[in-house]
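There are 2 protein chains.
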Amino acid sequence: MGRVKITDAQRFMSDCLKAVGTASKAADLQAALLIQADKFGHPSHGLNRLEMYINDILSGACKPNNQPKILKESQSTAWVDANNVLGATASQFAMDIAIKKAQETGVGWVSVKGSNHNGMAGFWSQMAADKGLIGMAFTNTSPLLAPARSKQAALGTNPVSVVAPASKGESFYLDMATTAVAVGKIEMQLRKGEPIPHGWAQGPDGKETTDAQVAFDTKCLMPLGGNETTSGYKGYGLAAMVELFCGILSGANYGHHVRSWSHAGDGGPANLGHCFVAVDPERFAPGFGDRLADCIQHWRQLEPTDPNLAVMAPGDKEKKAAAEAEASGTVSYVQQQIESSAALAEKLKVKPMQVEVDLQ
Amino acid sequence: MGRVKITDAQRFMSDCLKAVGTASKAADLQAALLIQADKFGHPSHGLNRLEMYINDILSGACKPNNQPKILKESQSTAWVDANNVLGATASQFAMDIAIKKAQETGVGWVSVKGSNHNGMAGFWSQMAADKGLIGMAFTNTSPLLAPARSKQAALGTNPVSVVAPASKGESFYLDMATTAVAVGKIEMQLRKGEPIPHGWAQGPDGKETTDAQVAFDTKCLMPLGGNETTSGYKGYGLAAMVELFCGILSGANYGHHVRSWSHAGDGGPANLGHCFVAVDPERFAPGFGDRLADCIQHWRQLEPTDPNLAVMAPGDKEKKAAAEAEASGTVSYVQQQIESSAALAEKLKVKPMQVEVDLQ
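One line per chain: the protein sequences are A and B, in this order. For the first sequence, this note's numbering assigns the number -5 to the initial residue and increments by one for each residue that follows. For the second sequence, this note's numbering assigns the number -5 to the initial residue and increments by one for each residue that follows.
Spelled out as structure tokens, the structure:
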């Protein structure tokens, strides 16, 4: 492990994107998205993703300096063509529209095609929450999820995110893949040499596996809920719902037509679909923020099963990680990440990150 | 088991509601909602619920002949006071508004307070899909779900439902509780004298139990995803999201403030909250129905893990059950249900259902 100053890690990510021709504004926004994931303790969606974006720009699969545009709109909806820009540029453009429409009519619903990976979905929902709105963001992704009973993957890890502002400085923050776990969690068990729990992933025979290597090689994740006995068809249904809001509604690539991860950078444009929704709670019953804060505080004080593991409200884990990162001014990365970033710095002739070895 | 003609079961449910003073229109709608659940193979939400509604009317907790009203509205939103009518009356009133607003502005988002149990959520989403829209319905319910790490329940089974029309006569139909399973599934294992799988329910010590009796007595269901290892916090987050859209947004009872099941009929008005959303897919990319049908058909032909268990699209199970019920013109009920319905008929002086004993 090594520690890097937050400002330096963010500078490095932005510099790399600029080095491959991305305009400053787009590079800075994409770097802000990535560093937030690292601060939130979701390293899979942080610096770890940088190289994929760089490869897509270098291969011409992503055009970071294009402009997204509205193809069609009504009072509360917009259909956007991201025009193959970086996912962050497309997402900010679209969520801005959803926010404006929610401020005008109570709801804004924006569907985006022609986009690229847009990082941690919650980052975009948070944009709406920062304006006092309920924000929602969804995106489709490459096929990795096996529908209940299926031997093959047909949907992505398709996240659902909802963020809402509450009174007393509280907020509701939900950002979850609709698979039981992300591939990164399997990778972690593999590194530790430990098996994976039931309900995470399938082997090539379509059956649950607890072998981390088999799971990693097969890349066929189980939906949230695991197998049929524990209602895995619900997680499958949720992933399909996200696809309905994203690729199917926007006319982007959808479901089984989305390029696979292994082709990142050499499979042509990703043409991903996203969906952004903003809803104004002020249009409904007064006291929304108070009721939400009451729930959040109630959940935290529930009697825990294990006295050492307090019940958390959705988002508490992320907020705690971010507060710790802010307090130290640093984020930490695994050795492999540090090495690949150093190699990237050399390749792109960018000033490398300054790493302090973490002795923990 | 016994079989009853669909028309006779529906007539019986409507008659019982009318016998306790419900006007015909409201009684017929509530009966249509219940019979649809029985046809869909979800008996927990069908005739099984009738007695709870009757008890609520008899105790004065529900006022079936009141009128719901709009308290506040904007171009794309409405806040509705159900005024303590039956859940079906409130839901039809609210979804009608959501549909009209979606037809005008692209989206309608309606939040309802002061309501009662509104049956199978998908029934209301289907109303929007029947008009060519994407329909969504959510409701809060009595606390039964234990948040991840909690010994106590704090949220309901809070369902999410999404229904959307596709080309080629297909549709997407998702209607799922955000708990791993419903209480009814535990009851079924109890009757069979079999244990329940891991990941369904907790015992009084807050730990997973496989003892059906302990699970049934504790009434503390695990969220979709099961324990923390298999991401049960995601199901908890989804249940909380539904509460945010329902009780919290509408100012109804919410979360831990919702009356418990055991008080049904003697705990005063339920004051439940619902949320109904309609979105017009025509405001986005042309070809929505074709892409959705393509996915549905793709999912069905995926190679199954067990050659005898074909992969299904969300809603296939319900549609198959409904087609079988339509073909035979009957629905079947367990013996206990038949007996309690006969007792109810006698109590309310209503013509009983005519039951054919099912020899299966």
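Virtual Cβ for every residue (Gly too), placed ideally from N, Cα, C.
{"Check": "On the DSSP letters alone, give me the boundaries of the alpha helix (DSSP H) that residue 277/B sits inside.", "Outcome": "It is not in any alpha helix (DSSP H) - residue 277/B carries neither H nor E in the DSSP assignment."}
{"Check": "Does any residue of chain B bring its CB to less than 7 Å from the CB of residue 278/A?", "Outcome": "yes"}
{"Check": "If we count the other Cβ atoms within 10 Å of its Cβ and call it buried at 16 or more, is residue 337/A buried or exposed?", "Outcome": "exposed"}
{"Check": "Which of the three DSSP states is assigned to residue 194/A in this structure?", "Outcome": "coil"}
{"Check": "Strictly below 8 Å CB to CB, what residues from chain A border residue 286/B?", "Outcome": "238 and 242"}
{"Check": "Taking contact to mean 3 or more Cβ pairs, one atom from each stretch, closer than 8 Å, check whether the stretch 8 to 26 of chain B and the stretch 298 to 318 of chain B are in contact.", "Outcome": "no"}
{"Check": "If the cut is a Cβ gap below 9 Å, which residues of chain B does residue 109/A touch?", "Outcome": "Under the 9 Å cutoff, chain B gives no residues; its nearest Cβ is about 13 Å from residue 109/A."}
{"Check": "Residue 268/A bridges to which residues according to DSSP?", "Outcome": "106/A and 133/A"}
{"Check": "Can you list, in chain order, the residues of its chain whose CB lies under 8 Å from that of residue -1/A, leaving out five sequence neighbours each side?", "Outcome": "323, 324 and 348"}
{"Check": "State yes or no: is the beta carbon of residue 235/A nearer than 7 Å to at least one beta carbon in chain B?", "Outcome": "yes"}
{"Check": "Quick one, are the C-beta atoms of residue 151/B and residue 173/B less than 7 Å apart?", "Outcome": "yes"}
{"Check": "For the pair the stretch 160 to 172 of chain B and the stretch 285 to 296 of chain B, tell me if three or more CB-CB distances fall below 8 Å.", "Outcome": "yes"}
{"Check": "Starting from the Cα of residue 225/A, find the closest Cα among 219/B, 223/B and 330/B and give me that residue.", "Outcome": "219/B"}
{"Check": "Can you check whether the CB of residue 312/B is closer than 7 Å to the CB of residue 117/B?", "Outcome": "no"}
{"Check": "Quick check: what's the CA-CA separation for residue 126/B versus residue 100/B?", "Outcome": "12 Å"}
{"Check": "Since residue 118/B meets chain A, which of its residues come closer than 7 Å, beta carbon to beta carbon?", "Outcome": "Chain A residues near residue 118/B: none, gap ~16 Å exceeds 7 Å."}
{"Check": "Taking Cβ-Cβ distances below 8 Å as the criterion, which residues of the stretch 144 to 155 of chain A are in contact with chain B?", "Outcome": "144, 145, 146, 148 and 154"}
{"Check": "Where does residue 274/A land, buried or exposed, given buried means 16+ other C-beta within 10 angstroms?", "Outcome": "buried"}
{"Check": "Do we get a CB-CB distance below 7 Å when we pair residue 224/A with the residues of chain B?", "Outcome": "yes"}
{"Check": "When you compare the CB positions of residue 20/A and residue 4/A, do they come within less than 7 Å of one another, or not?", "Outcome": "no"}
{"Check": "Output, in chain order, the set of chain E residues within a Cβ distance shorter than 7 Å of residue 275/A.", "Outcome": "As a matter of chain content, chain E is missing from the structure shown, whose protein chains are A and B."}
{"Check": "Using 8 Å as the Cβ pair cut-off and three pairs as the minimum, do the stretch 103 to 116 of chain B and the stretch 65 to 79 of chain B touch?", "Outcome": "yes"}
{"Check": "Using a Cβ-Cβ cutoff of less than 6 Å, which residues in the same chain neighbour residue 263/B once the five nearest sequence positions on both sides are dropped?", "Outcome": "55 and 78"}
{"Check": "Enumerate in chain order the residues of its own chain whose CB-to-CB distance from residue 61/A is below 8 Å, with the five nearest sequence positions on each side excluded.", "Outcome": "77 and 79"}
{"Check": "Since residue 237/A contacts residue 142/A with CB under 8 Å, what's their CB separation in whole angstroms?", "Outcome": "So it is not a contact: roughly 15 Å between Cβ atoms."}
{"Check": "Between residue 299/A and chain B, is there a C-beta pair that is closer than 7 Å?", "Outcome": "yes"}
{"Check": "I'd like to know if the stretch 208 to 218 of chain A and the stretch 179 to 195 of chain A are in contact, where contact means that at least 3 CB-CB pairs between them fall below 8 Å.", "Outcome": "yes"}
{"Check": "Would the beta-carbon of residue 212/B be found less than 6 Å away from any heavy atom of the ligand FAD?", "Outcome": "For the structure depicted, the ligand FAD is absent and the ligand set is empty, with no information on it obtainable."}
{"Check": "For a contact defined as C-beta to C-beta under 8 Å, what are the partners of residue 168/A on chain B?", "Outcome": "231, 232, 234 and 235"}
{"Check": "Can you tell which of 184/B, 136/B and 129/B has its C-alpha closest to the C-alpha of residue 168/B?", "Outcome": "129/B"}
{"Check": "Below 8 Å on C-beta distance, what does residue 66/B contact in chain A?", "Outcome": "277 and 278"}
{"Check": "Assign residue 151/B to one of three DSSP states: helix, strand, or coil.", "Outcome": "coil"}
{"Check": "What alpha helix (DSSP H) runs, 4 residues minimum, are completely inside the stretch 26 to 53 of chain B?", "Outcome": "44 to 53"}
{"Check": "For a contact defined as C-beta to C-beta under 8 Å, what are the partners of residue 158/A on chain B?", "Outcome": "238"}
{"Check": "What are the boundary residues of the beta strand (DSSP E) that includes residue 305/A?", "Outcome": "Run containing residue 305/A: none; DSSP gives neither H nor E here."}
{"Check": "On the CB-based measure, 16 or more other CB atoms within 10 Å of its CB, does residue 345/A come out buried or exposed?", "Outcome": "exposed"}
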